[in-house]
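Trainee: In the UniProt record's numbering, the protein residues as written are 1 to 304. This is the structure I have questions about; it appears just below.
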Ligand SMILES: Nc1ncnc2c1ncn2[C@@H]1O[C@H](COP(=O)(O)OP(=O)(O)OP(=O)(O)O)[C@@H](O)[C@H]1O
Ligand SMILES: CC(C)(CO)[C@@H](O)C(=O)NCCC(=O)O
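Right under this line is the structure:
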């Protein structure tokens, strides 16, 4: 890939200064309790150096804000540093966001970290239905991008409390009258398929608001497999709840349910990846490429 430097995990790990305290074994144990699927080698070789790089970048961003405030003869504002995480549906964005939040909280205890998914900015199903977009959930037109931009403007203005709407995978819809509040953290991890996109009719990219953007990448055939694996897990757990939007999938036999999941992949999530998500990859600061079992095999850091 042009203008990206490529690193093996070993090379990336060698960039982590040897005199930095590695994560303690108790902290690693807590991590395993929090998510036993994540490969510990990936945490040590990829995510620890990444958190170190993020911390350096937050420091230099703070310094730039102080310099600017000195020039303007103002008090430096406290502006959250936003880390964007993008990639296909089911590539592992929310898992990565949770891991990064855990590591930032553990390794950078003096920095307050919050995270948010852009799913909350999807239009409610009723609006999607009216606009004929229910079968295009996740496509750019299915998001209230002006509201997402307004939200990001408020976060970046240093507002003390900014509210975002909440999406439920249980009801497959926006939860009416429910909000999460972002309280001017030091670091905000923003995860979503659209975090690198240019909204239609807008002159700003979502990534204009992020200070460091990550694209999680993998071969499409693997992502499809992960989508179907997750579907099978959910079919045995969350879908069995009669209030779950996908409860019908728990009732059908596995073969029929899987055929429907493959159809959703082929008609919605794959076209979304090919048309709207993959083309945003070159805009990321860092591409994390995963292979079988979600193991990271390459990192690509953008040069300019
Ligand atoms: N590092 C990992 N190791 C093992 N399994 C993982 C890892 N990352 C993700 N997974 C699994 O892959 C599946 C998809 O992950 P996840 O739900 O995080 O994807 P996503 O990109 O956030 O999807 P969506 O866009 O639908 O919200 C899940 O079943 C998750 O448990
Ligand atoms: C909510 C999104 C768009 C993104 O997280 C995705 O998980 C989704 O629901 N896609 C629509 C098709 C499907 O049901 O998989």
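Backbone N, C-alpha and C fix where the C-beta goes; we use that ideal spot for every residue, glycine too. Computed from a prediction, not measured in an experiment: that's the story for all the values here.
1. So, with DSSP's three-state summary, where would you put residue 79?
2. Hey, would you say the C-beta of residue 269 is under 8 Å away from at least one heavy atom of ligand 2?
3. Measuring only the C-alpha atoms, how far is residue 201 from residue 149?
4. Quick check: the Cα distance between residue 175 and residue 57, rounded to an integer number of angstroms?
5. As a quick exercise: from 120, 126, 287, 172, pick the residue whose alpha carbon is nearest that of residue 147.
6. Per DSSP, residue 162 forms a beta bridge with which residues?
7. So what does DSSP say about residue 218, is it helix, strand or coil?
8. With DSSP run on the structure shown, which of helix, strand or coil describes residue 229?
9. Tell me the DSSP secondary structure of residue 55 in three-state form.
10. Should the region 81 to 101 be regarded as contacting the region 178 to 194, the criterion being three or more beta carbon pairs within less than 8 Å?
11. Between the Cα of residue 179 and those of 168, 185, 195, spot the shortest distance and give me the residue it belongs to.
12. Between 258, 217, 210, 278, which has its C-alpha nearest residue 300's C-alpha?
13. Report the CB separation of residue 139 from residue 276 in whole angstroms; it is logged as a contact under 8 Å.
Mentor: In brief:
1. coil
2. yes
3. 12 Å
4. Cα-Cα distance, rounded: 35 Å.
5. 120
6. 182
7. strand
8. helix
9. Under the three-state reduction of DSSP output, residue 55 falls in the helix class.
10. yes
11. 168
12. 217
13. 6 Å
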